[in-house]
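Trainee: Structure in structure tokens, see below.
Numbering (the working numbering), first residue to last: 350 to 802.
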């Protein structure tokens, strides 16, 4: 993991946030290549689950919602983490992380605070920072970030940064019905940031206080829950594979009763096998009618659906596939990270699927010769009209190849003196390092075939 983080910083994927001021724990800024990678994944998701379907519409809801929303949703009272404090150094950490890091073969997610405290006492666990055996009992703390709205101090009221992006979808259910004339079953999709005031583990973008989510709420008749749930299981699995993630590193795991969120009747995760173990990648929750029913009761508004074909009026049930985009960037980078020895030297490369790679192709002149530079820049501008391409002439050809390998660029094209003579170029494959000589005028069609088929 440390090697991957170092590469991400060196090559402009991720930077520690506020670094010149000492940083902020588990906060990251996406650099140029990280932003391109994240946007490519986000756009691939939107094309698949929204633009590619007839039963899905989009939404971009406000981060700030009326605070009554979070009370009605159960987040003010039930959205908590179990934390423990060191009485000596005042260090605070998540109880489940403390236990799972120190006690082998134990799964504690969802256990009560009393049971967590008992495990800590029985195993004589100490503060991970100062090493003292002086920990408090485990206590629950709310994960919602609070802020204030208002100009005058006495007029300020509490607002919350959204802990999930789903609530804006529920609030707009009737608006979408009325304006877009959709019929159940259908989904409302959204991408955006969520915020959770939680203690994180220092594993790059795996778990942070601010993160990007992609999810949709799929509204169904209550009787169709089983087949719809199974359908979205398959769709989520296939999309994960489409990113180039090997199925051997993926598995489904169902939450036990004590693990599930307060709104869910059934939750399953696609887990990825990280370097530090199996952890959640995507989540699939059956939220029943929990959210719409609670918002009906608390707002006094009718959020039922009138099914004219059935002659029935009912509160729709909801299937919720959730994809953590920030975490997915970390997964894709970890999975793509490869090291091999080439002619006695170490080669590092990111084996990214071409459709999500930040840069699709790089163009180099072999040397800083005016004719070579002119031919290379002309090709660069031609290719820039069809895809994301990078031009480089800073350094020898070997170093330029290595740099593009570490960025994850699938193909590199070199303009050399033979190009001037016979209008051919060298195309190098990132994964195999094989080089093929092809006609210069065939490059656009060749890249369309390699990148987009």
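Where is the CB? At the ideal position from N, CA and C, for every residue including glycine. Note that the coordinates shown come from a computational prediction; the quantities given were computed from them, not determined experimentally.
1) Suppose the cutoff is 7 Å on Cβ atoms and the five residues either side in sequence are ignored; what does the same chain contact list for residue 639 look like?
2) So for residue 572, helix, strand or coil by DSSP?
3) Using C-beta distances below 6 Å, list every residue in its chain close to residue 567, excluding the 5 sequence neighbours before and after it, in chain order.
4) State the start and end residues of the unbroken beta strand (DSSP E) segment that holds residue 400.
5) If you draw a straight line from the alpha carbon of residue 529 to that of residue 782, how long is it in whole angstroms?
6) Mark residue 646 as exposed unless 16 or more other C-beta atoms lie within 10 angstroms of its C-beta, in which case mark it buried.
7) Quick test of your reading: residue 676 and residue 555, contact by CB under 8 Å. State the CB separation rounded to the nearest angstrom.
8) For residue 674 versus residue 685, is the C-beta distance shorter than 7 Å?
9) With a CB to CB cut of under 8 Å and the five nearest residues on each side skipped, what residues in its chain are close to residue 578?
10) Would you mind listing the beta strand (DSSP E) stretches within the segment 680 to 731 that are 3+ residues and don't spill past its ends, in chain order?
11) Should residue 492 and residue 512 be called a contact, given that it needs their Cβ atoms to be closer than 7 Å?
12) If I follow the unbroken beta strand (DSSP E) through residue 784, where does it start and stop?
13) Measure the beta-carbon distance from residue 762 to residue 710 and round it to whole angstroms, keeping in mind my assumption that it falls under 8 Å.
14) At 4 residues or longer, what runs of the alpha helix (DSSP H) sit wholly inside the segment 553 to 631?
15) Nearest by alpha-carbon distance to residue 432: which of 457, 453, 703 and 665 is it?
16) Would you give the residue range spanned by the alpha helix (DSSP H) that residue 761 belongs to?
17) What are the residues that DSSP puts in a beta bridge with residue 656?
18) Compute the Euclidean distance between the alpha carbons of residue 559 and residue 402, then round it to the nearest angstrom.
19) So is residue 591 in contact with chain D if we call contact Cβ pairs under 7 Å?
20) What three-state label does DSSP hand residue 743 in the structure shown?
21) Would you mind working out which of 499, 445, 735 and 653 sits nearest residue 464, comparing C-alpha positions?
22) Give me, in chain order, the residues of the same chain whose beta-carbon lies closer than 7 Å to that of residue 622; leave out the 5 immediate sequence neighbours on both sides.
23) Our contact map puts residue 434 next to residue 443 with C-beta atoms below 8 Å; I'd like the distance itself, whole angstroms only.
24) Which one of 658, 707 and 660 has the shortest CA to CA distance from residue 681?
25) With a threshold of 7 Å on Cβ separation, who are the neighbours of residue 373 within its own chain once the five nearest residues in sequence on each side are excluded?
26) Take residue 604 and list the residues in its own chain whose beta-carbon comes closer than 6 Å to its own, dropping the five residues that flank it on each side.
27) Report all residues from its chain with a CB closer than 6 Å to the CB of residue 703; omit the five preceding and five following residues, and keep chain order.
28) Exposed or buried, residue 500, counting other C-beta atoms within 10 Å across all chains shown (16 or more means buried)?
29) Within 10 angstroms of its Cβ, does residue 724 collect 16 or more other Cβ (buried), or is it exposed?
30) Where does residue 389 land, buried or exposed, given buried means 16+ other C-beta within 10 angstroms?
31) Between the Cα of residue 671 and the Cα atoms of 796, 400 and 585, which residue gives the shortest distance?
32) Of the choices 734, 449, 418 and 592, whose alpha-carbon is the least far from that of residue 386?
Mentor: Inspection of the coordinates gives the following:
1) 612
2) helix
3) 536 and 668
4) Looking at the DSSP string, residue 400 is not in any beta strand (DSSP E), and its letter there is neither H nor E.
5) 51 Å
6) exposed
7) 6 Å
8) no
9) Cβ within range, chain order: 615, 633, 635 and 668.
10) Within the segment 680 to 731, the runs of beta strand (DSSP E) that reach at least 3 residues and sit entirely inside it are, in chain order, 686 to 691, 694 to 699 and 710 to 714.
11) Their beta carbons are under 7 Å apart, which means residue 492 touches residue 512 by this criterion.
12) 784 to 788
13) 6 Å
14) 574 to 591
15) 457
16) First-last for residue 761: 760 to 764, but that is the beta strand (DSSP E), not the alpha helix (DSSP H).
17) 661
18) 30 Å
19) The displayed structure is made up of one protein chain only, and chain D is not part of it.
20) coil
21) 445
22) 598
23) Incorrect: roughly 11 Å between the Cβ atoms, too far for contact.
24) Closest by alpha carbon: 707.
25) 366 and 367
26) Same-chain partners within the cutoff: 616.
27) 759 and 800
28) Per the 10 Å Cβ criterion, exposed.
29) Result: buried.
30) buried
31) 585
32) 592
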